[in-house]
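Residue numbers (UniProt numbering): 1 to 137. Note that beta-carbon positions come from the ideal geometry of N, C-alpha and C, so glycine has one too. For reference, the structure is listed below as structure tokens.
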Amino acid sequence: MDDIFDSSLNLEETHLKEGYAEGYKDGLVAGKEEAKQVGLKVGFEVGEEVGFFRGCVDVWNSVIRIHPERFSSRVQKSVKQMEELVEQYPLRDPENEQVQEVMEGLRLKFRTICATLGVKLEYSGHPKSASDGKEIF
């Protein structure tokens, strides 16, 4: 008689274990897809910011080549250092521990150069629609 009632008594625990296993399996699939989407979004944002800094460096270097006398040696040195930081950024290795350090250095160098030149440039991120504030893709 114990065998007949054992299955009834363990029914809740059996269903709990089955539900947990099924939920865990589904969570792995959903988690991987969500992680992929977050990774793509963050990667795009980082690439966009690094690209902005690269563009600034290219413009400044072009102007320095044309009119080097209009830029102090300090500004020229800072632009060169910023260029080196852009080149050091590990775009192909996002797990590199220097990612944050290099990005912070880029942001600081950018602000320093802008302040020294007396210009008001600002990286404001991915453009948003003026009407609803949502990102445009």
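Check this for me: beta carbons of residue i and residue j, under 7 Å apart or not?
i    : j    : result
F53  : L108 : no
T116 : V75  : yes
Between residue i and residue j, which are expected to be in contact by the criterion C-beta below 8 Å, what is the C-beta distance as a whole number of angstroms?
i    : j    : result
V102 : Y123 : Not really, about 15 Å apart at Cβ, beyond 8 Å.
L91  : V50  : 7 Å
W60  : V79  : 5 Å
M82  : F44  : 22 Å between Cβ atoms; not a contact.
Over what stretch of residues does the alpha helix (DSSP H) that includes residue i continue unbroken?
i    : result
F44  : L11 to I66
F110 : V99 to L117
K120 : Element bounds for K120: n/a, residue is neither H nor E.
S73  : S73 to Q88
For residue i, which option in the options has the closest C-alpha, if you only look at C-alpha atoms?
i    : options           : result
V119 : Y20, G125 and C56 : C56
Report yes if the C-beta of residue i is less than 6 Å from at least one heavy atom of the ligand ADP; otherwise report no.
i    : result
C114 : Among the components of this structure there are no ligands whatsoever, and the ligand ADP is therefore not found.
Let's test the definition: count the other Cβ atoms within 10 Å of the Cβ of residue i and tell me whether it reaches 16, buried, or not, exposed.
i    : result
L28  : exposed
S129 : Legend: pLDDT at S129 = 39, less than 50; position of this residue unreliable, value from coordinates given subsequently. So S129 counts as exposed.
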